[in-house]
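Below is one structure; the comments refer to it alone.
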Amino acid sequence: MLEFAPGGTLSDLINLPGKMSERLVAFYTRMILKGLSNIHESFVHCDIKPGNILVFPMKDGTNHLKIADFGLAKDAAGVEIDSYRGTLVYSSPESVEFGVLETSTDIWSLGCIVIEMITGENIWKNISRQELINEIVRGEPIIPQNISDIAKDFLQRCLAKERQKRWTADKLLYHPFIVDNFVEVAQNCDQEVFSWINPLGSCSWSSTHDLFSTHVDITSCPDSFQRLFPSMYLNHDERFNLRR
């Protein structure tokens with residue numbers, strides 16, 4: 001049984017009327033980074049996109065995000081594959097051109113998502129598949145100019161064409177774009193919030209309503225995922241009450 005996400009996905013939030021503030025984008029990005037930090041201890045997700053990030057509305061009116069769908073996940077040590085099956089518009093240059101999948105692959109995808117949250121539009125739009133491949137491999141991602149300098153710098157750290165120059169999830173959590181916005185809203189913290197990972201597919205949850213008492217049947221999951229489950233819950237340290 002798959003867990004029900006009452007708020008849909010991040011894609012649904014992005015498609016709502018109006019644009020997200022940078023503070024709200026940083027709030028959501030920090031949640032995603034917390035999840036990626038844990039995932040990257042063992043795996044590369046390989047298909048980070050808004051449609052794979054579930055939304056859970058909280059009682060205080062904010063939203064809590066959870067990374068889902070590990071169907072394409074690979075070992076974090078890095079692999080090369082003959083045919084990359086991730087979602088092309090969020091795919092990194094090295095994964096498209098050479099089939100190289102590393103944790104930096106997910107960071108590129110995150111950069112694409114952050115731009116989409118800020119602008120409401122995908123970073124690559126209105127082009128054919130072949131043009132898209134050429135742009136990803138040979139072009140440069142267009143970073144919005146009407147955003148703060150720290151937001152631009154954050155995106156540059158995520159979308160470096162050379163994967164070795166991309167920051168890790170752990171390092172990005174200390175980038176000013178994340179930290180400064182966190183400090184700004186931390187005064188409104190009232191309770192702690194949890195971020196956890198739901199590797200959908202064959203895994204089953206004992207409850208869809210009690211989000212804090214989750215049992216995972218690891219016997220029905222791929223063996224490679226069993227190492228992840230002991231740390232399924234990630235303590236986020238805070239619960240935000242955003243005042244926009």
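Numbering-wise, the UniProt record's numbering puts 117 at position 117 of the sequence shown, and it's gapless, one number per residue.
Glycine included, every Cβ here is placed at the ideal spot set by N, Cα and C.
Quick caveat, the model's predicted, so the values are computed rather than measured.
- According to DSSP, Phe43 shares a beta bridge with Asp75.
- Between Leu172 and Leu33, the CB-CB gap stays under 8 Å.
- The way I'd put it, the segment 123 to 141 doesn't touch the segment 67 to 75; fewer than three beta-carbon pairs between them come closer than 8 Å.
- By the Cβ neighbour-count rule, Asn38 is buried, with 16 or more other Cβ atoms within 10 Å of its own.
- One alpha carbon belongs to Gly8, the other to Phe56, and they sit about 8 Å apart.
- Restricting attention to Ile115, Ser104, Ser109 and Val25, the CA atom closest to the CA of Phe182 is found in Val25.
- When beta bridges are read from the DSSP output, Thr9 appears opposite Leu54.
- Burial check for Asp106: the Cβ neighbour count within 10 Å reaches 16 or more, so the residue is buried.
- Between Leu101 and Cys158, the CB-CB gap reaches or exceeds 8 Å.
- One alpha carbon belongs to Arg23, the other to Ile127, and they sit about 30 Å apart.
- Spanning the alpha carbons of Pro50 and Gln164 requires a straight line of approximately 24 Å.
- A distance below 6 Å between beta-carbons, with the five flanking residues on each side excluded, links Cys112 to the following residues of its chain, in chain order: Tyr90 and Ile123.
- Assigned with DSSP and collapsed to three states, Asn38 falls in helix.
- DSSP places Asn181 in the helix class (H, G or I) of the three-state scheme.
- Relative to Ala151, the option among Asp12, Arg30, Gly18 and Leu16 whose CA is nearest is Arg30.
- Setting aside the 5 residues that flank it on each side, Ile115 is surrounded in the same chain by Ile123, each with a C-beta closer than 6 Å to its C-beta; the list follows chain order.
- In this structure, the beta-carbon distance from Ile67 to Gly99 does not fall below 8 Å.
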